[in-house]
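See structure below.
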């Protein structure tokens, strides 16, 4: 039997689950629209509508219209531009409107996380973005966006241009509200001077009442229009049984206005119209300056995406949208253009590419045929053709922005504590304000009201909730401009405490640009066959040494039963032969004389030593200074490598490391980390697959940008430019960030501890209260902006 929608009466489709509790029973709805309207009717206390209606309501097609448009975000083709999919989970970065404080973020996180199928959500109040992950088999993106919209906020997938347009719209609205509040404040203050100072002599009562009515006329649009954002934020909080920063502000404004209207109508008592206008004006000025400062802090990653052009040129000269490019497409990049997509160079030509926006390096990089180039980087003076290897959504620059957002959205413990303190502090303010009014009403009833208003406004903990997130956002943006990519939220805290540095050798202390310099073929084996076999096996590896074999003049042959033993070597069956390549011990070649030779890879065919490949790998120019910096700072330094002791010893001596752990497998490396003293805060730097477990096991892990994807996925920090000295800059910046966070917290807590007793004692005038509260927030944000400057 078909079920009918309780709201509109139409048939309820199969496989839907829209329900609302009405009149004590769970009622079935046919769509999200009917569910939304029915729930609104219940929440508004109008449930009697269902008792006395004479006919079902008209069918609701996802009203309001904004909710109707959200369904489009469930379309797979639409999602392909902004959603990352795995087997069951989907991830998206959302752009938010209407979020003003930590309480707003907490409210969204709490309500959305409770929805079935939502895996995680994290909101950043500085960048006004949210990272959302959900199970696409249990819920749809439109349902989650609808929840956010029903809370009173706007949410949509993040796009840099649309996000900026929304910011400018919001700023324009603030300017309108600010202008009206400013004009009204000037007019009301002139009338207030006449009323309270009586500069024109003794005013007759008729004129005083007239001035009060005129003040009421000027203050009303300020209260109803200019202060509207504060009421909306407060209502969202109260509707969800939480206390946001704007609750005490809104109460102060509404109480002052109601009391003033009563006094005006009854023609007795005090009026606070000038305080209402000033409150609103100064609050809006502070919020406006705060929004501009937060925008500056959040702009860095959005600006990166703007470097990707909207149009690309095909080889035929036609213009096509960049978002339509797919892997395998071929396009032409003209001189001086930003590269539109990740790809590889097709032409046999040397070109210069400016990759400073990725790596922070000002010098141009030379690219040759088959070299990778990245979207957003800048072409030099030569045009070239490239083959697209990734669409816009999966480009390196998009991945960088996503990782930056993830790092900014993840809250360190200190930020979570500050948010909780701020939330409970609002409740404490309301209780203290009520007690303040009761006390002063007994002794000075004429002053009780404005003293209570001062307490409500002066002690709002906005600065406390901004202290940590704004500093972390600025710090993350600054490191991004230096070519240092944060992936985890604890980096700044842990980097300040590191006292044991653990480094890999190949590709970390050395350049990793390994080249084969000599080949020794054993008697009875053919040179070309040995090269072909070696090149074939190494094509199945992802290690700097394996890359060196790509340059050899040989063939990649069909191979079976490939087995890659990380940190040791590779074996397989090629042309009927059992072939191994790797360390001397791995191939079973135990001759001490040959084992002692540094920088060598050995090849065996049917368990007979067939060839030795000698390679060279120069030590990085900055490696010695980097190591010496840590040694001089009192940190312990260990070289932890899978290479032999004979290969590791010369590198260690050159850079000044005395402790070496060589011939270590991935398991050995992890065991070493587990064996270090509890008091040691370890930082591991590596780049290869065999470093991945160790990177995951260290207190803080750093991956070289030229390393493997596995290593970078395991790391907390990625060096895009492969420059070790960037770690020193990151450490220096982390110490500065910690200092500024402490300054912000000290200021915000200190301000509230000082202003609260003064306000309760009646020593803070209302206009001083609002100035102090606004100034404290602006000071905290401005102090955080120092992190964007060059150190």
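Numbering (the UniProt record's numbering), first residue to last: 1 to 791. C-beta: ideal position from N, C-alpha, C; glycine also.
If you follow the beta strand (DSSP E) that residue i is in, where does it begin and where does it stop?
{"i": "residue 124", "result": "118-124"}
{"i": "residue 229", "result": "From DSSP, residue 229 is part of no beta strand (DSSP E) but of the alpha helix (DSSP H) over 228-239."}
{"i": "residue 630", "result": "Premise fails: residue 630 lies in the alpha helix (DSSP H), 623-632, not in any beta strand (DSSP E)."}
{"i": "residue 452", "result": "Per DSSP, residue 452 belongs to no beta strand (DSSP E); it is in the alpha helix (DSSP H), 445-458."}
{"i": "residue 582", "result": "577-582"}
{"i": "residue 649", "result": "No beta strand (DSSP E) holds residue 649; the alpha helix (DSSP H) holding it covers 645-655."}
{"i": "residue 792", "result": "Not covered by the structure: residue 792. The range shown for the chain is 1 to 791."}
{"i": "residue 786", "result": "Careful: residue 786 lies outside any beta strand (DSSP E) and carries neither H nor E."}
{"i": "residue 818", "result": "Residue 818 is absent from the structure shown; the chain starts at 1 and stops at 791."}
{"i": "residue 505", "result": "It is not in any beta strand (DSSP E) - residue 505 carries neither H nor E in the DSSP assignment."}
Bridge partners of residue i, per DSSP?
{"i": "residue 326", "result": "The partner list for residue 326 (beta bridge, DSSP) is empty, contrary to what the question assumes."}
{"i": "residue 85", "result": "90"}
{"i": "residue 602", "result": "582 and 612"}
{"i": "residue 97", "result": "154"}
{"i": "residue 701", "result": "684"}
{"i": "residue 573", "result": "560 and 578"}
{"i": "residue 565", "result": "569"}
Just how far apart, CA to CA, sit residue i and residue j?
{"i": "residue 146", "j": "residue 6", "result": "21 Å"}
{"i": "residue 469", "j": "residue 123", "result": "11 Å"}
{"i": "residue 288", "j": "residue 171", "result": "7 Å"}
{"i": "residue 678", "j": "residue 637", "result": "16 Å"}
{"i": "residue 473", "j": "residue 632", "result": "31 Å"}
{"i": "residue 424", "j": "residue 39", "result": "29 Å"}
{"i": "residue 664", "j": "residue 368", "result": "35 Å"}
{"i": "residue 516", "j": "residue 104", "result": "59 Å"}
{"i": "residue 421", "j": "residue 753", "result": "13 Å"}
{"i": "residue 549", "j": "residue 538", "result": "7 Å"}
{"i": "residue 83", "j": "residue 477", "result": "23 Å"}
{"i": "residue 277", "j": "residue 771", "result": "13 Å"}
{"i": "residue 134", "j": "residue 121", "result": "9 Å"}
{"i": "residue 326", "j": "residue 755", "result": "60 Å"}
{"i": "residue 555", "j": "residue 529", "result": "9 Å"}
{"i": "residue 11", "j": "residue 17", "result": "13 Å"}
{"i": "residue 386", "j": "residue 4", "result": "58 Å"}
{"i": "residue 355", "j": "residue 454", "result": "54 Å"}
{"i": "residue 437", "j": "residue 248", "result": "14 Å"}
{"i": "residue 223", "j": "residue 214", "result": "15 Å"}
{"i": "residue 64", "j": "residue 110", "result": "With a pLDDT of 45 at residue 64, under the threshold of 50, the predicted position of this residue should be treated as unreliable, though the coordinate-derived value follows. So the alpha carbons of these two residues sit roughly 24 Å apart."}
{"i": "residue 13", "j": "residue 51", "result": "25 Å"}
{"i": "residue 308", "j": "residue 461", "result": "40 Å"}
{"i": "residue 527", "j": "residue 336", "result": "46 Å"}
{"i": "residue 751", "j": "residue 466", "result": "14 Å"}
{"i": "residue 728", "j": "residue 493", "result": "15 Å"}
Check for me: the alpha helix (DSSP H) holding residue i runs from which residue to which?
{"i": "residue 321", "result": "Counting along the chain, residue 321 falls outside any alpha helix (DSSP H), though it belongs to the beta strand (DSSP E) covering 319-321."}
{"i": "residue 540", "result": "Segment: none, residue 540 is in no alpha helix (DSSP H) and carries neither H nor E."}
{"i": "residue 129", "result": "No alpha helix (DSSP H) contains residue 129, which is instead part of the beta strand (DSSP E) from 129-135."}
{"i": "residue 639", "result": "Per DSSP, residue 639 belongs to no alpha helix (DSSP H); it is in the beta strand (DSSP E), 636-640."}
{"i": "residue 212", "result": "205-221"}
{"i": "residue 677", "result": "Premise fails: residue 677 is in no alpha helix (DSSP H) and is neither H nor E."}
{"i": "residue 520", "result": "Residue 520 -> not in any alpha helix (DSSP H); beta strand (DSSP E) instead, spanning 515-521."}
{"i": "residue 750", "result": "725-760"}
{"i": "residue 246", "result": "246-266"}
{"i": "residue 475", "result": "462-481"}
{"i": "residue 493", "result": "491-495"}
Rounded to whole angstroms, how far is the Cβ of residue i from the Cβ of residue j, which I believe are closer than 8 Å?
{"i": "residue 694", "j": "residue 704", "result": "Wrong, their Cβ atoms sit about 14 Å apart, outside the cutoff."}
{"i": "residue 246", "j": "residue 234", "result": "5 Å"}
{"i": "residue 128", "j": "residue 91", "result": "Residue 128 to residue 91, Cβ: 18 Å. No contact."}
{"i": "residue 107", "j": "residue 157", "result": "Actually they do not touch by this definition, with Cβ atoms about 21 Å apart."}
{"i": "residue 507", "j": "residue 544", "result": "5 Å"}
{"i": "residue 343", "j": "residue 389", "result": "5 Å"}
Are the CB atoms of residue i and residue j nearer to each other than 8 Å?
{"i": "residue 252", "j": "residue 464", "result": "no"}
{"i": "residue 351", "j": "residue 328", "result": "no"}
{"i": "residue 730", "j": "residue 717", "result": "yes"}
{"i": "residue 611", "j": "residue 519", "result": "yes"}
{"i": "residue 639", "j": "residue 660", "result": "yes"}
{"i": "residue 341", "j": "residue 392", "result": "yes"}
{"i": "residue 371", "j": "residue 345", "result": "yes"}
{"i": "residue 805", "j": "residue 700", "result": "The structure shown does not extend to residue 805, since the chain is modelled only from 1 to 791, so the question has no answer here."}
{"i": "residue 42", "j": "residue 20", "result": "yes"}
{"i": "residue 599", "j": "residue 647", "result": "yes"}
{"i": "residue 681", "j": "residue 498", "result": "yes"}
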